[in-house]
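Below is one structure, written out as structure tokens, with a few remarks after it.
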Amino acid sequence: MNNIKAIILAAGKGTRMKSDLPKVLHLIQGRPMISYAVDLARSLKIKDIIVVVGHKDQLVKKQLAKGIKMAKQSRLMGTADAVMAARSKVGKLDSDILVLYADHPLFTKETIDNLVKRHVKNQADCSFVTAVVDQPKGYGRIRRDNYSRVQEIVEETDLIGHDHDIKEINLGAYCFKAKSLFSALSKIKLNEKKREYYLTDIIGILVQEKAKVEALVVDDTAQAMGINSQDDLAKANQIMRFRILKDFIAKGVSIIDPSTTYIDSNASIGKDTVIYPFCVIEADVKIGNNCRIGPFCHIRPKSVLLDDVQVGNFTEVNRSKIGKNTRMKHFSYLGDATVGDSVNIGAGTITANYDGKEKYPTYIKDKAFIGSDTILIAPIKIGKAAVTAAGSVVTKNKNVADKTVVAGVPAKILSRRRK
Ligand code: UD1
Ligand code: CA
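So the sequence shown is numbered by our numbering: it starts at 1 and just counts up by one.
Quick look at the structure:
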């Protein structure tokens with residue numbers, strides 16, 4: 001994006017969360033809240049991103065990627081004070097500046113992209129995002145004049161008379177001309193009730209000065225939510241979860257029951273794959289095309305399932321790779337396993353990958369047939385087209401050669417297969 005910088009406010013305590021963890025580090029679908037605003041700014045190709053930190057700043061810092069600048073707000077004196085804390089990191093005031101609150105993770109890229117584009121096109125001094133909602137409580141309200149022109153933002157604590165009827169709220173995403181921002185910022189007075197400097201006062205100041213102020217009203221009110229409490233966090237998690245599922249559905253994945261399906265946004269799933277109810281698919285999982293997953297299946301990080309794989313009821317796959325057309329349909333656990341193509345893994349098969357101290361790998365080669373209730377004690381290799389009979393316990397390092405049939409506890413060679 002052409003010559004634009006971003007300031008993200010993340011210094012607040014988040015008192016209303018009733019938690020020791022800084023608010024912006026609470027997780028939404030597995031990712032810290034702060035990462036949503038930062039990634040949004042990055043997705044708009046904004047190179048200069050300054051995050052304002054304060055409360056437990058060292059903890060927040062750990063979550064920030066390299067290349068993100070930080071500014072410290074030494075005393076938490078409100079959102080205007082927080083922007084001021086970033087002043088020295090901004091440098092020359094010759095750009096536009098996007099200001100985002102780190103506790104507003106539900107904005108879409110489209111909304112903020114739109115905000116910036118319209119701001120640049122209109123050469124406004126300030127453009128900001130609003131929404132008309134049924135429950136405006138807790139948010140800054142937009143006062144407009146009889147011609148519907150924005151006048152100012154009034155915070156909840158300062159509402160009087162008809163302000164209580166206003167349904168249009170401030171969502172805390174603004175784009176400013178840098179000069180207009182910092183000159184108006186220095187005119188904001190302390191709000192006596194809250195002993196804070198409100199960034200929102202800047203709108204009234206700019207309007208008074210006849211600067212160009214524009215509101216972008218978004219229709220999708222799901223984006224309107226700021227996260228202040230655990231209740232908000234739970235709701236935001238839910239909204240984000242369905243957004244992620246919708247993305248997968250749009251890419252050709254069939255999700256039979258979205259209300260019982262949990263998929264991390266970092267997972268990748270090929271088309272024509274069907275996810276049956278009650279499945280959890282975590283980050284860094286890759287699933288190919290035309291697979292059948294679940295019901296009741298847990299696929300944990302760093303697992304890869306190639307095309308046409310079927311993993312069924314009560315199965316768990318952890319840090320494992322499963323080759324094409326392999327089936328593991330009932331009650332099984334694969335941990336640290338590398339499984340070839342067209343393998344059949346019978347009901348109740350377990351890889352015993354952990355001896356209480358270390359984790360060990362299991363290899364199962366193409367076309368092997370693992371009988372029901374086999375226990376594979378790792379480290380272990382099962383050869384190509386080898387067979388384990390039902391109930392076998394294959395002990396560690398007793399590798400099974402290609403085409404060999406083993407049975408018993410501990411498993412012993414029974415025979416060799418011809419084909
Ligand atoms: C703010 C807006 C309100 C808007 C709402 C949208 C102000 C005064 N009010 O209210 O109009 O409707 O967001 O969700 O801006 N922060 C700091 N330093 C501070 C205080 C806050 O960095 O000293 C950060 C917080 O970490 C948070 C963000 O600014 O990420 C917003 O602060 P918060 O106190 O949650 O503002 P709201 O009361 O929600
Ligand atoms: Ca807030």
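Note that the Cβ used here is the ideal one computed from N, Cα and C, for glycine as well.
Closer than 7 Å: residue i CB and nearest ligand 1 heavy atom
i: Thr79; result: yes
i: Asp103; result: yes
i: Ile202; result: no
i: Ile169; result: yes
i: Gly161; result: no
i: Ile377; result: no
i: Tyr139; result: yes
i: Tyr262; result: no
i: Ala215; result: no
i: Glu110; result: no
i: Ile153; result: yes
i: Leu199; result: yes
i: Leu9; result: yes
i: Val52; result: yes
i: Gln223; result: no
i: Val24; result: yes
i: Gln230; result: no
i: Leu64; result: no
i: Gly312; result: no
Cβ shell of residue i (< 6 Å), same chain only, five flanking positions each side left out
i: Gln73; result: Ala11, Val52, Gly54, Ala82 and Ala85
i: Tyr36; result: Pro105
i: Met240; result: Ile28 and Gln29
i: Ile50; result: Ile7, Lys69, Ala71, Ala86 and Lys89
i: Leu206; result: Asp125, Cys126, Ala184 and Val213
i: Asn191; result: Tyr198
i: Leu376; result: Thr351, Thr362 and Val394
i: Ser19; result: none
i: Ser415; result: Val405
Alpha-carbon to alpha-carbon, residue j and residue i
i: Gln223; j: Ile112; result: 11 Å
i: Ala6; j: Val116; result: 11 Å
i: Pro420; j: Val280; result: Residue 420 cannot be examined here, being either before or after the span of the chain that is shown, 1 to 419.
i: Glu155; j: Tyr139; result: 7 Å
i: Asn325; j: Lys251; result: 22 Å
i: Asn313; j: Phe331; result: 6 Å
i: Leu233; j: Asp366; result: 46 Å
i: Val272; j: Leu185; result: Here the sequence assigns Asp to residue 272, which means Val is not the residue at that position. Each residue's Cα considered, the two are about 54 Å apart.
i: Lys13; j: Pro22; result: 6 Å
i: Ile160; j: Gln151; result: 15 Å
i: Ala347; j: Arg327; result: 10 Å
i: Arg195; j: Ile188; result: 12 Å
i: Ile364; j: His298; result: 20 Å
i: Lys167; j: Val217; result: 12 Å
i: Pro301; j: Thr260; result: 19 Å
i: Gly91; j: Phe128; result: 23 Å
i: Leu59; j: Lys121; result: 39 Å
i: Asn170; j: Asp220; result: 14 Å
i: Asp103; j: Ala378; result: 45 Å
Closer than 7 Å: residue i CB and nearest ligand 2 heavy atom
i: Gly226; result: yes
Unbroken beta strand (DSSP E) run spanning residue i, endpoints
i: Gly335; result: Arg327 to Gly335
i: Lys165; result: First, the amino acid is wrong: residue 165 is Asp here, not Lys. Note, Asp165: premise wrong, no beta strand (DSSP E); not H, not E.
i: Tyr36; result: From DSSP, Tyr36 is part of no beta strand (DSSP E) but of the alpha helix (DSSP H) over Met33 to Ser43.
i: Leu9; result: Ile4 to Leu9
i: Ser19; result: Counting along the chain, Ser19 falls outside any beta strand (DSSP E), and DSSP gives it neither H nor E.
i: Thr362; result: Thr362 to Ile364
i: Lys69; result: Lys69 to Lys72
i: Arg416; result: Lys412 to Arg416
Segment limits, alpha helix (DSSP H) that includes residue i
i: Thr79; result: Thr79 to Ala85
i: Lys62; result: Asp57 to Lys62
i: Lys121; result: Lys109 to Asn122
Chain-order list of residues whose beta-carbon lies under 7 Å from that of residue i (same chain, five-residue window excluded)
i: Lys177; result: Asp96 and Asp125
i: Ile263; result: Ile244, Leu245, Phe248 and Ile281
Other residues of its chain near residue i: CB distance less than 8 Å, five sequence neighbours each side excluded
i: Val409; result: Gly391, Ser392 and Val393
i: Lys109; result: Leu40, Ser43 and Leu44
i: Phe429; result: The structure shown does not extend to residue 429, since the chain is modelled only from 1 through 419, so no value can be given for it.
**OP:** With a floor of 4 residues, list each alpha helix (DSSP H) that falls wholly inside the stretch 229-317, ordered by position along the chain.
**Re:** Annotation: the stretch 229-317 contains the following complete segments of the alpha helix (DSSP H) (minimum length 4 residues), in chain order: 230-250.
**OP:** Enumerate, from N- to C-terminal direction, the unbroken alpha helix (DSSP H) stretches of 4 or more residues contained entirely within the stretch 133-213.
**Re:** As far as the stretch 133-213 is concerned, its whole alpha helix (DSSP H) runs of at least 4 residues are 178-185 and 201-208.
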